[in-house]
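Have a look at the structure below, then the notes.
Protein chains: 2
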Amino acid sequence: MASGQEGRVTAAVLIIGDEILSGRTRDTNLGDIASYLGVYGIDVAEARTVPDVIEVIVEALNALRSRYDYVITTGGIGPTHDDITADAVAAAFEVELFEHPDILRMMEAKYELTPARRRMARVPQGGELVINPVNGPPGFTIGNVFVLAGVPQIMRGMLQDVGHRLRGGAVTLSRTVRVEGSGEGVIAAPLEAVAKAHPQMSLGSYPFFEPDRFGSNLVVRGREPAELDAAVAELIAALKAAGIMNVAEVEG
Amino acid sequence: MASGQEGRVTAAVLIIGDEILSGRTRDTNLGDIASYLGVYGIDVAEARTVPDVIEVIVEALNALRSRYDYVITTGGIGPTHDDITADAVAAAFEVELFEHPDILRMMEAKYELTPARRRMARVPQGGELVINPVNGPPGFTIGNVFVLAGVPQIMRGMLQDVGHRLRGGAVTLSRTVRVEGSGEGVIAAPLEAVAKAHPQMSLGSYPFFEPDRFGSNLVVRGREPAELDAAVAELIAALKAAGIMNVAEVEG
């Protein structure tokens, strides 16, 4: 990203689960989290996907929480033996787990408290709950880490209790210029010229190939609306000056 | 993963691109790569998604290539200024880039060699090409790293030229037992009992919530067909013994 770094607030996403690494399940949480945090002006700066292995989770969590302002984890908070995220977070923060009385109460009101279900009440010392408006027990937060469910519907519900606890950055605005019928080989030079003229903006090219057409979506991102307007206008002009005529700003 | 580690062949996937971290584009390459490598008995042990920032790519690549048998990267090999994967790989391996004559020839036969397009001919010293059967210039491989395109159609095409270069492990077999109408809270105990009885197998629980039903897919993975058969049979028996009757093995 070419944009200036001062005032930038960053997050990392730590996706926990063998099923993502095996290809059995496709992750959609990263994109949802990135879109959600974008509204608060927080950039997802890195994501890692790790297996259900405690030492690997601890190492990744410690690397990410020291490097970025926030870490959001997904997965591994259910009742089964492979749900070890709470253990890993407690180990990373070098604290003990305790059975949170509010979670025990919530669960007791709904069903029998089996030993497996009691696992879901475990929260690291110093942790606070993240409301689960969907189904099942809550997530939790400790330090700069938010621990959410892996099931996408539940993860998205829990996210609603995260944003108000974050220190937001300046919101990044995004505009898209769509070029049809020209490849990146001819787009690159005008794109780079505009990127160089606007070092505070991030300009990227994302080609598409559809059965009956091809081209590229050029995405301009930045924090200053006036400069963003200028960069988009210059980009369209530079493309046309390079003989690329099928150019239009689009939604998204 | 609970399975034994001897003889295991591992890979990491390094997904390069601001557009994935911003949530604008959803990654599908990780799942495709994991499925492809699974056929060769190679486990994806970790994945990282990093922005188009050279130092970040270099650091991640060096961490992953020293830790796992193979690294597959996706993204950042087009002609635009933000396509810096070749630069990052060369920096990680501490070698220079050169313009590969075969790529220059391929491109010359198709279109004018603009400076932007020449960028796509750059390969680190010591690198070999990975055929691109779809569109545009090839990827490359150096050491234990394979550098592929980010566009999914092209990435999948390039993968076909990767497998025959890999030293495969024992293939991991996978079976799925579907439970409907019971939550993980009651499934956990029988599941854990079978997992403990089969430490060489990996057992995971992946809950689903659909408008008109809920339950969990229990996935048993392992390398020994006979032990896998036994574990699946024991799991079904253990679930039924726990009073969970809506249990059936399903495809995939």
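Protein chains in written order, with the numbering used here: chain A, 1141 to 1392; chain B, 1141 to 1392.
Even for Gly, the Cβ is constructed at its ideal location relative to N, Cα and C.
On a predicted model such as this, the values are computed, not experimentally measured, just so you know.
- Please classify ALA1142/A: does DSSP put it in a helix, a strand, or coil? Only weak support exists for where ALA1142/A lies, its pLDDT of 34 falling under 50; the coordinates are left without a value.
- Item | Of the residues GLY1157/A, LEU1253/A, LEU1269/A, the one placed nearest ALA1328/B, counting alpha carbons only | Each of GLY1157/A, LEU1253/A, LEU1269/A was checked against the Cα of ALA1328/B, and the nearest Cα belongs to LEU1253/A.
- Item | Spatial distance of GLY1276/A from GLY1344/B (CA atoms) | Distance between the alpha carbons of GLY1276/A and GLY1344/B: 19 Å.
- Message: So, at 8 Å on beta carbons, what are the nonlocal neighbours of LEU1237/A in its own chain, with the 5 sequence-adjacent residues on each side left out?
- Response: Excluding sequence neighbours, LEU1237/A sits near ALA1226, ASP1227, ALA1230, ARG1262, VAL1263, PRO1264, GLN1265.
- Task: Quick one: give me the first and last residue of the beta strand (DSSP E) that ILE1155/A is part of.
- Result: ILE1155/A -> beta strand (DSSP E) spans 1149 to 1156.
- GLU1324/B, buried or exposed, once every other Cβ within 10 Å from all chains shown has been counted against 16: Burial call: buried.
- Query: Once you ignore the five residues that flank GLU1374/B on each side, which residues in its own chain have a CB closer than 6 Å to its CB?
  - Reply: In its chain, beyond the 5 residues on either side, VAL1334 have a beta carbon closer than 6 Å to the beta carbon of GLU1374/B.
- Task: Find the residues of chain B that neighbour VAL1190/A, judging by a C-beta separation of less than 9 Å, and give them in chain order.
- Result: Residues of chain B with a Cβ closer than 9 Å to the Cβ of VAL1190/A are, in chain order, ALA1185, GLU1186, ALA1187.
- Message: Can you find the residues in the same chain that come closer than 7 Å, C-beta to C-beta, to GLY1144/A, ignoring five residues on each side of it along the sequence?
- Response: With a pLDDT of 41 at GLY1144/A, under the threshold of 50, the modelled position of this residue cannot be trusted; read the value that follows with caution. Spatial neighbours of GLY1144/A in its own chain (CB-CB distance under 7 Å, excluding positions within 5 residues in sequence) are listed in chain order as GLN1340.
- Helix, strand or coil at LEU1253/A according to DSSP, with G and I counted as helix: Under the three-state reduction of DSSP output, LEU1253/A falls in the coil class, being neither helix nor strand.
- Message: Between which residues of its own chain and MET1260/B is the CB-CB distance below 6 Å, once the five residues before and five after are set aside?
- Response: Taking MET1260/B as the centre and dropping the five residues before and after it, the same chain places the C-beta of PRO1219, PRO1277 closer than 6 Å to its C-beta, in chain order.
- Message: For a cutoff of 8 Å on Cβ pairs, would you count LEU1331/A as touching chain B?
- Response: With 8 Å as the cut-off, LEU1331/A counts as an interface residue toward chain B.
- In this structure, does DSSP put PRO1241/B in helix, strand or coil? The DSSP-derived three-state label of PRO1241/B is helix.
- Task: Please check if any C-beta of chain B sits within less than 8 Å of the C-beta of ILE1327/A.
- Result: Taking Cβ atoms only, chain B reaches closer than 8 Å to ILE1327/A, which makes this a yes.
- Query: Is there a Cβ from chain A that is less than 8 Å from the Cβ of ASN1275/B?
  - Reply: It does; some Cβ of chain A falls within 8 Å.
- Task: Answer yes if the region 1363 to 1383 of chain A comes into contact with the region 1177 to 1190 of chain B, meaning at least three C-beta pairs across the two stretches below 8 Å, and no otherwise.
- Result: Pairwise C-beta distances place the region 1177 to 1190 of chain B out of contact with the region 1363 to 1383 of chain A, as fewer than three of them are shorter than 8 Å.
- Can you list the residues of chain A that ARG1393/B reaches, using a CB-CB cut of under 9 Å? Here chain B comprises residues numbered 1141 to 1392, so residue 1393/B is not present and cannot be evaluated.
- Quick one: what's SER1342/B bridged to in DSSP? SER1342/B pairs with ARG1361/B.
- Buried or exposed: ILE1271/B, going by 16 or more other Cβ atoms within 10 Å of its Cβ? Around the beta carbon of ILE1271/B, fewer than 16 other beta carbons sit within 10 angstroms, so the residue counts as exposed.
- Message: Quick check: the Cα distance between ALA1310/A and GLU1199/A, rounded to an integer number of angstroms?
- Response: When rounded, the separation of the alpha-carbon atoms in ALA1310/A and GLU1199/A is 30 Å.
- Task: Output the distance between the C-alpha atoms of LYS1250/B and GLY1279/B, rounded to the nearest integer angstrom.
- Result: Using only the alpha carbons, I get a separation of about 17 Å.
- Message: Pairs of beta-carbons, one from the region 1375 to 1382 of chain B and one from the region 1344 to 1357 of chain B, closer than 8 Å: are there three or more?
- Response: By the Cβ rule, the region 1375 to 1382 of chain B does not count as touching the region 1344 to 1357 of chain B, because fewer than three pairs are nearer than 8 Å.
- Since ALA1388/B sits in a beta bridge, which residues does DSSP pair it with? Partner(s): ARG1318/B.
- Item | alpha helix (DSSP H) segment containing PRO1292/B, residue limits | Per DSSP, PRO1292/B is one residue of the alpha helix (DSSP H) stretching across 1292 to 1299.
- Message: Runs of 4 residues minimum, wholly inside the region 1190 to 1220 of chain B: which ones carry the alpha helix (DSSP H) assignment?
- Response: DSSP runs (the alpha helix (DSSP H)) wholly in the region 1190 to 1220 of chain B: 1194 to 1207.
- Message: So for ARG1188/A, helix, strand or coil by DSSP?
- Response: Strand.
- Along the region 1207 to 1236 of chain A, what residues have a CB closer than 9 Å to any CB found in chain B? Answer in chain order: GLY1218, PRO1219, THR1220, HIS1221, ASP1222, ASP1223.
- Message: Can you confirm whether PRO1347/B, when its beta carbon is compared against all beta carbons of chain A, has any partner nearer than 8 Å?
- Response: Closer than 8 Å: yes.
- Query: Excluding sequence positions up to five away, which residues of its chain have a Cβ less than 6 Å from the Cβ of VAL1285/B?
  - Reply: Cβ neighbours of VAL1285/B within its own chain (closer than 6 Å, five residues either side excluded): ARG1205, VAL1211.
- Shorter than 8 Å from the beta carbon of GLY1144/B to some beta carbon of chain A? Here the model assigns GLY1144/B a pLDDT of 41, short of 50, so the residue's position is not dependable, and the following value carries that caveat. Chain A contact via Cβ: absent.
- Message: With a threshold of 6 Å on Cβ separation, who are the neighbours of THR1281/A within its own chain once the five nearest residues in sequence on each side are excluded?
- Response: Shown here for THR1281/A: same chain residues with a beta carbon closer than 6 Å to its own, the five before and five after excluded, namely GLU1268, VAL1270 in chain order.
- Taking 8 Å as the threshold, find out whether the region 1296 to 1310 of chain B comes into contact with the region 1346 to 1362 of chain B through three or more Cβ pairs. As far as the Cβ criterion goes, the region 1296 to 1310 of chain B does not touch the region 1346 to 1362 of chain B, which means the pair count is below three.
- Message: Using a Cβ-Cβ distance cut-off of 8 Å, determine whether GLU1159/B contacts chain A.
- Response: Yes, GLU1159/B counts as interfacial toward chain A.
- Query: Which residue's Cα is closest to the Cα of ASP1223/B: LEU1331/B, VAL1291/B, ARG1307/B?
  - Reply: Out of LEU1331/B, VAL1291/B, ARG1307/B, VAL1291/B has the C-alpha closest to the C-alpha of ASP1223/B.
- What residues of chain B sit near GLN1293/A, judged by a beta carbon separation below 7 Å? Among the residues of chain B, those whose CB is under 7 Å from the CB of GLN1293/A are PHE1349, following chain order.
- Task: Could you say which of ASP1209/A, GLY1303/A, ALA1232/A, ALA1256/A lies nearest to ARG1148/A if we only look at CA atoms?
- Result: ARG1148/A has its Cα closest to that of ASP1209/A, out of ASP1209/A, GLY1303/A, ALA1232/A, ALA1256/A.
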